[in-house]
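Before any comments, here is the structure.
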Amino acid sequence: MVPDSVALRLRGVSKTYRRGRGREERVLGEIDLSVHTGEFLVLVGPSGCGKSTLLKIMAGFTEPTSGVVETSDGQRVTGPSRDRGMVFQSLEAPLFDWLNVEENVAFGLRMQGMARDSQRATALRYIEMVGLKGQERKFPAELSGGMKQRVQIARTLATDPAIVFLDEPFAALDAQTRRILQREIVNIWLRTQKTFVYVTHDIREAVLLGKRVVIMTAGPASRIKRVIEVRMDYPRDELAPDFVDAFRQIEHDIEEEVSRAWSGNGTLSTR
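In terms of the numbering used here, the sequence shown has 12 at position 14, counting the first letter as 1, and numbering is strictly consecutive.
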């Protein structure tokens, strides 16, 4: 049984993909990790090290080749669940073009069989939370990339998952929009007190957002190199010594992994 203070626990999780002609690609080595209830955990590492694969295993979208993922009540994660919500990369934002903002946010609630009045009240609450009040009747074609991501975040939160997984949600956005949404996602996390697990390749973003930052090694068979705790209050000052120290430590670890990969001791995965 997983202790109550742990929202999710990974034990010996690995992932191997079978390629053509019997060839195998081991993307993840054995991963052991505990995700604490209510924390903002960030996964960072070299490009292609398997961060998104690990996130999808944790969320139940991909099965591990070996090992187990357990929830706080000791149940194994074997597939997607209402308790785990996913915010995808911005270029993959799965909004329905024929539904307006309110209808998109309420879609999951409708699938759950919630009464129509409750659907609307819940959708409007989360639309306001992500800063889209007044945009309820607009359709995706009328929204900017940042606004689409806000809709996706609102739709995920509206179904009230215990854990929210975010796969580089702001990577494709312009720098100014990305900074605004980074601040907003922290405020949303603080307000909801949910468990957030966030993938990024941006070291600055990792330190800006994470209570803990998991640094992954380069592939093949990527593992956890180090977990650091960022002991800073929010919002964080990027010029503060603690911020700079955390940034430099992560930067050093990732540069070390990239150098190792390109020196011939490892090969960066495509995932």
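The C-beta atom is built at its ideal place from N, Cα and C for all residues, glycine as well.
Pairs of beta-carbons, one from the segment 4 to 19 and one from the segment 162 to 175, closer than 8 Å: are there three or more? no
Check the Cβ-Cβ distances between F38 and every residue of chain E, and say whether any is below 8 Å.
Protein chain content of the structure displayed is limited to a single chain, and chain E is not contained in it.
Quick check: the Cα distance between S142 and L164, rounded to an integer number of angstroms? 19 Å
Check your understanding: Would V67 pass as a contact of L8 if the rule is Cβ separation under 8 Å?
Key -> yes
| field | Neighbourhood of V256 by C-beta, 6 Å cutoff - its chain only, sequence neighbours within 5 removed | value | Result list for V256: P44, in chain order.
Can you give the beta carbon distance from K223 to M214, rounded, assuming they're within the 8 Å contact cut?
-> Rounded, the Cβ-Cβ distance is 6 Å, consistent with contact.
Buried or exposed: which applies to A139, given that a residue is buried once 16 or more other Cβ atoms fall within 10 Å of its Cβ? Exposed: under 16 other Cβ atoms inside 10 Å.
E64 versus L93 - alpha carbon distance: Per the sequence shown, residue 64 should be read as Ser rather than Glu. Spanning the two alpha carbons is a distance of roughly 33 Å.
Hey, could you find the ends of the alpha helix (DSSP H) Y124 is sitting in?
R114 to M127
Let me know the beta strand (DSSP E) ranges lying completely inside the segment 195 to 247, each 3 residues or longer, listed in chain order. 210 to 214 and 222 to 227
*Ordered list of beta strand (DSSP E) runs contained in the segment 24 to 84, each at least 3 residues*: Complete beta strand (DSSP E) runs here, min 3: 38 to 42 and 64 to 69.
Under 8 Å Cβ to Cβ from M(-1), same chain only, skipping five residues before and after it: list those, please.
Confidence at M(-1) is low in this model, with a pLDDT of 46, below 50, so the placement of that residue is unreliable and no value is reported for it.
Exercise for review: Please name the residue, chosen from G83, G132, K54 and I29, that lies closest to V99 on a Cα-to-Cα basis.
Suggested key: The shortest Cα separation from V99 among G83, G132, K54 and I29 belongs to G132.
Check: Helix, strand or coil for E22 per DSSP?
Finding: strand
**Asked** Which two residues bound the contiguous beta strand (DSSP E) that contains F163?
**Response** I161 to D165
Beta-ladder partner(s) of E146, from DSSP:
For the sequence presented, residue 146 should be read as Lys rather than Glu. Paired residue(s): none; K146 is not in a bridge.
Can you determine whether any heavy atom of the ligand COA sits closer than 7 Å to the C-beta of K209, and answer yes or no? Of ligands this structure carries none, so the ligand COA is not represented either.
- prompt: If we ignore side chains and look at the alpha-carbon of each, how far apart do F86 and V197 end up?
  reply: 10 Å
Answer with buried or exposed for A244, where buried requires no fewer than 16 other C-beta atoms within 10 angstroms of its C-beta. Buried is the call here.
Of the listed residues S50, K49 and G77, nearest to F59 (C-alpha basis) = Ranking S50, K49 and G77 by Cα distance to F59 puts G77 first.
Practice task
With a threshold of 16 other CB atoms inside 10 Å of the CB of W260, please say whether the residue is buried or exposed.
Solution key: Under this definition W260 is an exposed residue.
**Request:** Would you check if the distance between the CB atom of V103 and the CB atom of V149 is smaller than 8 Å?
**Result:** yes
Alpha carbon to alpha carbon, what distance is there between L207 and F194?
10 Å
Excluding the 5 residues preceding and the 5 following G36 in the sequence, name in chain order all residues of the same chain whose CB lies nearer than 8 Å to its CB. Only residues of its own chain outside the window of five on either side were considered, and among them A5, Q191, K192 and T193 have a CB closer than 8 Å to the CB of G36, listed in chain order.
Checklist entry - If you count every other CB in all the chains shown that lies within 10 Å of the CB of S267, and 16 or more means buried, which is it? => result Its pLDDT being 44, under 50, S267 is placed unreliably by the model, and the measurement read from it follows with that caveat. Burial call: buried.
Apart from the five residues just before and just after D30, which ones in its own chain have a Cβ nearer than 7 Å to its Cβ?
L8, R9 and G10
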